[in-house]
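Data first, discussion second: the structure below is written as structure tokens.
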Ligand SMILES: Nc1ncnc2c1ncn2[C@@H]1O[C@H](COP(=O)(O)OP(=O)(O)OP(=O)(O)O)[C@@H](O)[C@H]1O
Ligand SMILES: [Mg+2]
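Chains as they are written, first to last, in my numbering: chain A, 4 to 238; chain B, 803 to 1207.
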């Protein structure tokens, strides 16, 4: 057995303080192996996004340990966490979070810019990523000129453009029709299989979760169940 | 490092272009602030300089004694009696604390030389007057004692008259005709520069008092007596002595009011000085207000865009930017906008001052300090309000910055 890529031990997250405090995560234990493809499901408000944000180093847990490649993420400085995000993670937000008034192409280029890639490299990679999500014809359009589903696909392109080791996707198909959703799922599947990228995605639809090899069910800030529904091809 | 700076500069410029309205308003705020402050202070300085020049050209502490009551030349009623040459001599001999005493008779007329002519003021007076009024001689000399004694038809000409009657040639020893009088130019007066409006002090011809009395006016009367006071003496005391002397000489009984008046130029200086100070204070206040308005404008724009910008910062952080990279970008943005606004503001202020100075008849004085101060102040406001909200946002967890409302 390989060392887990990610290990969460007793992760809690409390929002607010005093009587208004709300514990969104109440002790999450989870191990993710390199190359996993996991779907995260659960009712609204059960803490899925909160955990994804912590996994993506966008937020810090209130208590517990988060080991990434054996390093204690909860002990890292802000800059070290930023460098982790830069180097290892691709993140698709539930609310897209694209830069306004900025073309799809430039939005997708941005993570490469912070990696210090040259302009030509950035543009080629960004165009390729947009092509993979079927938006190469929309490269010059700003988010305001794109539909919700198109914006979501730009966000996906931005997350995959760096070919990250870990792709965290919070409801990446929430605004897409079934046809598009399937295409995105196939894209993630291909990513996972061909490039060995570890994928974790939140979804409400069992159809989409079926693309993953593992489903994690959340309830009230706790992991309710973990089930493997598909065995690796040669296992 | 340089590559990073270039990248950041590129990012900043792109953000500036993407938010043209926001950038424009920020720049506008700075332009207004810098432009108004620099213009006002520059014009204020010019006015102060003009007034100061006026004051110094009045001569220090001179008493002007005129017939008639109150300010001016008498007003209605019986014609006040003019002074005599003896009054001048009496003041000089009997009043302590006077340095120079000069009679003045005034007339005006056409000065003609060859084909050129110029209508000007003619003062009949003495060398004492020239000295008391601190005129400097440009070419030639002042009158000789014999010329004054005999009332010779010689004259000193002011710069304006000189310019209009003589071209490039030397006027000394030349003759000009005043009224019907042929008169030799013995000296020229150094220009005092134009005063406010019509009071061109250089538009004058000065002749010995006797010459004007006999040959132009035709009587022995003196319109005005000028007295310069020894700075060591109290001017009020000197005025009182002159007053009682003149009352006695003019035979005024104890119940009679003065039929002459003494005007102290020091009063003008004081009035002008306090007026200028008030003016400068007013300009300063207006300038401060416009600087404030500009500053508030910038502040508003920055604060309005804080939500948008905080989200932008959140996005950049989330996809792997370091806090300091984002901050550097915001700093560069603020510096570029502030400098742009500052430079445009300074240019506008320069143009406005150069244009307005002649209209207000004040000299244009470039003041590097106020230019630098206004520029730095506005730039500081721009950078402050551009940078500090950004710094706060960059310290948030990316997810909190993204959720900012
Ligand atoms: N910044 C915050 N401040 C306060 N409460 C928060 C904050 N973020 C999340 N919560 C609360 O934590 C709980 C979990 O939220 P989370 O976004 O993780 O749910 P979710 O499982 O992703 O739901 P959904 O499926 O609707 O996206 C919710 O009850 C939410 O109200
Ligand atoms: Mg969620």
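Even for Gly, the Cβ is constructed at its ideal location relative to N, Cα and C. Predicted model only: the values in this text are computed from it and were never measured.
Excluding sequence positions up to five away, which residues of its chain have a Cβ less than 7 Å from the Cβ of residue i?
{"i": "residue 914 of chain B", "result": "978, 979"}
{"i": "residue 943 of chain B", "result": "988, 989"}
{"i": "residue 1141 of chain B", "result": "1181"}
{"i": "residue 1148 of chain B", "result": "836, 840, 1173, 1177"}
{"i": "residue 1015 of chain B", "result": "907, 926, 1021, 1022"}
{"i": "residue 1132 of chain B", "result": "1188, 1189, 1192"}
Just mark residue i as buried or exposed, buried being the case when its beta carbon has 16 or more other beta carbons within 10 Å.
{"i": "residue 1127 of chain B", "result": "buried"}
{"i": "residue 151 of chain A", "result": "exposed"}
{"i": "residue 888 of chain B", "result": "exposed"}
{"i": "residue 75 of chain A", "result": "exposed"}
{"i": "residue 875 of chain B", "result": "Interpretation of residue 875 of chain B is limited by its pLDDT of 47, a score under 50 that renders its predicted location unreliable; the figure taken from the coordinates is listed afterwards. Residue 875 of chain B is exposed by the Cβ-count criterion."}
{"i": "residue 897 of chain B", "result": "buried"}
{"i": "residue 32 of chain A", "result": "exposed"}
{"i": "residue 82 of chain A", "result": "exposed"}
{"i": "residue 1005 of chain B", "result": "buried"}
{"i": "residue 62 of chain A", "result": "buried"}
{"i": "residue 1077 of chain B", "result": "exposed"}
Take residue i and list the residues in its own chain whose beta-carbon comes closer than 6 Å to its own, dropping the five residues that flank it on each side.
{"i": "residue 955 of chain B", "result": "983, 985, 1013"}
{"i": "residue 999 of chain B", "result": "Residue confidence is low: residue 999 of chain B scores 44 on pLDDT, short of 50, so the model does not pin down where it sits. No coordinate-derived value is stated."}
{"i": "residue 237 of chain A", "result": "Annotation note: pLDDT 47 at residue 237 of chain A (below 50); position unreliable, no value reported."}
{"i": "residue 903 of chain B", "result": "890, 893, 894, 1029"}
{"i": "residue 1106 of chain B", "result": "none"}
{"i": "residue 9 of chain A", "result": "35, 71"}
With DSSP run on the structure shown, which of helix, strand or coil describes residue i?
{"i": "residue 91 of chain A", "result": "helix"}
{"i": "residue 171 of chain A", "result": "strand"}
{"i": "residue 846 of chain B", "result": "helix"}
{"i": "residue 31 of chain A", "result": "strand"}
{"i": "residue 1002 of chain B", "result": "coil"}
{"i": "residue 1132 of chain B", "result": "helix"}
{"i": "residue 223 of chain A", "result": "coil"}
{"i": "residue 1030 of chain B", "result": "strand"}
{"i": "residue 110 of chain A", "result": "helix"}
{"i": "residue 804 of chain B", "result": "helix"}
{"i": "residue 905 of chain B", "result": "strand"}
{"i": "residue 979 of chain B", "result": "strand"}
{"i": "residue 834 of chain B", "result": "helix"}
{"i": "residue 926 of chain B", "result": "strand"}
{"i": "residue 202 of chain A", "result": "strand"}
{"i": "residue 931 of chain B", "result": "helix"}
{"i": "residue 945 of chain B", "result": "coil"}
Quick one, which of the options has its alpha-carbon nearest residue i's?
{"i": "residue 1110 of chain B", "options": "B/1178, B/1192, B/1120", "result": "B/1192"}
{"i": "residue 13 of chain A", "options": "A/69, A/114, A/62", "result": "A/69"}
{"i": "residue 922 of chain B", "options": "B/1009, B/1124, B/970", "result": "B/1009"}
{"i": "residue 826 of chain B", "options": "B/1018, B/1138, B/847, B/1117", "result": "B/1138"}
{"i": "residue 1071 of chain B", "options": "B/822, B/863, B/810", "result": "B/863"}
{"i": "residue 865 of chain B", "options": "B/1169, B/815, B/844, B/906", "result": "B/906"}
{"i": "residue 168 of chain A", "options": "A/84, A/134, A/94", "result": "A/94"}
{"i": "residue 40 of chain A", "options": "A/92, A/109, A/153, A/202", "result": "A/202"}
{"i": "residue 231 of chain A", "options": "A/224, A/223, A/225, A/219", "result": "A/219"}
For residue i, decide whether its Cβ has a neighbour in chain A, counting only Cβ atoms nearer than 8 Å.
{"i": "residue 814 of chain B", "result": "no"}
{"i": "residue 1125 of chain B", "result": "yes"}
{"i": "residue 820 of chain B", "result": "yes"}
{"i": "residue 1207 of chain B", "result": "no"}
{"i": "residue 1120 of chain B", "result": "yes"}
When the cut-off is 8 Å and only beta carbons count, does residue i lie next to chain B?
{"i": "residue 85 of chain A", "result": "yes"}
{"i": "residue 218 of chain A", "result": "no"}
{"i": "residue 104 of chain A", "result": "yes"}
{"i": "residue 136 of chain A", "result": "no"}
{"i": "residue 63 of chain A", "result": "yes"}
{"i": "residue 56 of chain A", "result": "yes"}
{"i": "residue 69 of chain A", "result": "no"}
{"i": "residue 11 of chain A", "result": "no"}
{"i": "residue 29 of chain A", "result": "no"}
{"i": "residue 82 of chain A", "result": "yes"}
{"i": "residue 100 of chain A", "result": "yes"}
{"i": "residue 113 of chain A", "result": "yes"}
{"i": "residue 94 of chain A", "result": "yes"}
{"i": "residue 89 of chain A", "result": "yes"}
{"i": "residue 116 of chain A", "result": "yes"}
{"i": "residue 161 of chain A", "result": "yes"}
In chain order, what residues of the same chain lie with their CB nearer than 8 Å to the CB of residue i, ignoring the 5 residues before and after it?
{"i": "residue 818 of chain B", "result": "825, 1135, 1138, 1139"}
{"i": "residue 96 of chain A", "result": "158, 173"}
{"i": "residue 209 of chain A", "result": "44"}
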